[in-house]
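**Student:** Below you will find the structure I want to go over with you.
In the working numbering, the protein residues as written are 366 to 732.
Okay, here's the thing in structure tokens:
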């Protein structure tokens, strides 16, 4: 019969998505042993066909949290590896009980004295929402173990297509974490660190921008949507300008973050006071926010690759639409940038349609 937890166990939790919603449920480890399975008398009941009745057990042993599989049919996994015998767990470990995915959390400040949550998981296989190696991610962030690639942005309205600016594209440079920035941000989101990762990538980019072939390079840097409403964003930009006053910054805001007009107007004003440009990224990838272009205009509007790809072969109506959007952008005093230009035909047409700027593999790959 499970007894009361020894001191320290109540500071450990399991968290996961135990239903079809995106709401995280935290399950305190309030007893030892703590049994997991499909049977109704388990401390954590997972009503999945793939989960065995008595699937696995967690125990507290002299300050160590241990996990053991109970001979389940489909196995118990720690960080994607099937376990045999007792396996010691650490903060951030990702657990799979067959297809049910949870994460181990050490949170003494969130220690809860309440009954176990016993909710049923969805019958479909759960997506991979968590990433293993949380400790490696935090070490990467602390050490700024990141690399950066610079992609040129060229002027289409000047002969010779001179380089007007560079966009900084970050990568991880640490074992145990994804190198792709998209995967890296998905991992950061599960660790509530997306804004911190975004700031770190900008720091590394600006530090290395002094190697760019220009006395006063213009550098496009990205933001995460979580940052736009926080004072930390402006504070981080102030710090970057102090460290590299010769680098002229343009801050890219993703289209889906441009939703609050008063906030965007205030941000645009604050950036202008600091000499930082504003660009709206991925225009046309989702909802084209035309009102924001009028009420809170950026310096640069980046037209998404989806509007550019295959444009020379597209029906005339599509070319006319893009041309009308470019014309409207120019009339508002905003520079129009074509993203993802990959072919000579696309480059020629973008120049004909009136784009001021171009970016893509046709002009140069990130390097």
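Don't be surprised by glycine CBs; every beta carbon is placed ideally from N, CA and C.
Is it buried or exposed for residue 457, if we count other Cβ within 10 angstroms and need 16 for buried?
**Tutor:** buried
**Student:** With 16 other CB atoms within 10 Å as the buried threshold, where does residue 608 fall?
**Tutor:** exposed
**Student:** Tell me which same chain residues have a C-beta within less than 6 Å of the C-beta of residue 728, skipping the five on either side of it?
**Tutor:** 517, 519
**Student:** To which residues of the same chain is residue 681 closer than 8 Å at the C-beta, ignoring the five residues directly before and after it?
**Tutor:** So the list is empty, once near-sequence residues are dropped.
**Student:** Under the three-state reduction of DSSP, which class applies to residue 550: helix, strand or coil?
**Tutor:** In the three-state scheme derived from DSSP, where H, G and I count as helix and E and B as strand, residue 550 is classed as helix.
**Student:** Within 8 Å, do at least three Cβ pairs link the segment 595-607 to the segment 545-555?
**Tutor:** no
**Student:** Please classify residue 361: is it buried, with 16 or more other beta-carbons within 10 angstroms of its beta-carbon, or exposed?
**Tutor:** Coverage of the chain is limited to positions 366 through 732, which leaves residue 361 absent and any answer about it impossible.
**Student:** In the DSSP output, what is residue 426 paired with across the bridge?
**Tutor:** 429
**Student:** Identify which residue in 407, 709, 547, 428 has its Cα closest to the Cα of residue 374.
**Tutor:** 428
**Student:** Under 8 Å, with one C-beta from each stretch per pair, do the segment 443-452 and the segment 403-414 reach the 3-pair mark?
**Tutor:** no
**Student:** Got a sec, what are the start and stop residues for the beta strand (DSSP E) residue 512 sits in?
**Tutor:** 511-520
**Student:** For residue 724, list the residues DSSP reports as bridge partners.
**Tutor:** 518
**Student:** Curious, which full-length beta strand (DSSP E) runs of at least 3 residues does the segment 590-619 contain?
**Tutor:** 613-619
**Student:** Any idea if residue 726 is buried or exposed, counting beta-carbon neighbours within 10 angstroms, 16 or more meaning buried?
**Tutor:** Exposed: under 16 other Cβ atoms inside 10 Å.
**Student:** Measure how close the beta-carbons of residue 630 and residue 660 come, nearest whole angstrom, since I'm counting them as under 8 Å.
**Tutor:** 7 Å
**Student:** Compare the beta carbon distance of residue 644 and residue 615 with 8 Å and say whether it is the shorter of the two.
**Tutor:** yes
**Student:** With distances taken Cα to Cα, identify the nearest neighbour of residue 722 among 563, 566, 543, 528.
**Tutor:** 528
**Student:** Where does residue 492 land, buried or exposed, given buried means 16+ other C-beta within 10 angstroms?
**Tutor:** Low confidence applies to residue 492: its pLDDT is 43, below 50, so where it sits in the model is not reliable, and the reading given next is rough at best. So residue 492 ends up on the exposed side.
**Student:** Which one of 400, 560, 572 has the shortest CA to CA distance from residue 604?
**Tutor:** 572
**Student:** Are the segment 563-577 and the segment 525-542 touching by the rule of at least three beta carbon pairs closer than 8 Å?
**Tutor:** yes
**Student:** If you drop the 5 nearest sequence neighbours on each side, which residues of the same chain put their C-beta closer than 8 Å to that of residue 510?
**Tutor:** 504, 537, 538, 539
**Student:** Helix, strand or coil for residue 503, going by three-state DSSP, please let me know.
**Tutor:** helix
**Student:** Kindly indicate which three-state DSSP category residue 643 falls into: helix, strand or coil?
**Tutor:** strand
**Student:** Can you tell me whether residue 508 is buried or exposed, with buried defined as 16 or more other CB within 10 angstroms of its CB?
**Tutor:** exposed
**Student:** So does the segment 459-474 actually touch the segment 416-427, counting three or more Cβ pairs closer than 8 Å?
**Tutor:** With the cut-off at 8 Å, the segment 459-474 and the segment 416-427 touch.
**Student:** On a CA-only basis, which of 732, 697, 674 is nearest residue 713? Give me that one, please.
**Tutor:** 674
**Student:** In the structure shown, what three-state DSSP assignment does residue 538 receive?
**Tutor:** Residue 538 falls in the coil class under three-state DSSP.
**Student:** Within 10 angstroms of its Cβ, does residue 720 collect 16 or more other Cβ (buried), or is it exposed?
**Tutor:** Answer is buried; the Cβ neighbour count reaches 16.
**Student:** If you run the structure through DSSP and keep just helix, strand and coil, what is residue 662?
**Tutor:** coil
**Student:** Go through the segment 670-701 residue by residue and report every complete run of the alpha helix (DSSP H) that reaches 4 residues or more, in order.
**Tutor:** 670-673, 681-696
**Student:** Label residue 709 either buried or exposed according to how many other C-beta atoms from any shown protein chain fall within 10 Å of its C-beta, with 16 as the threshold for buried.
**Tutor:** exposed
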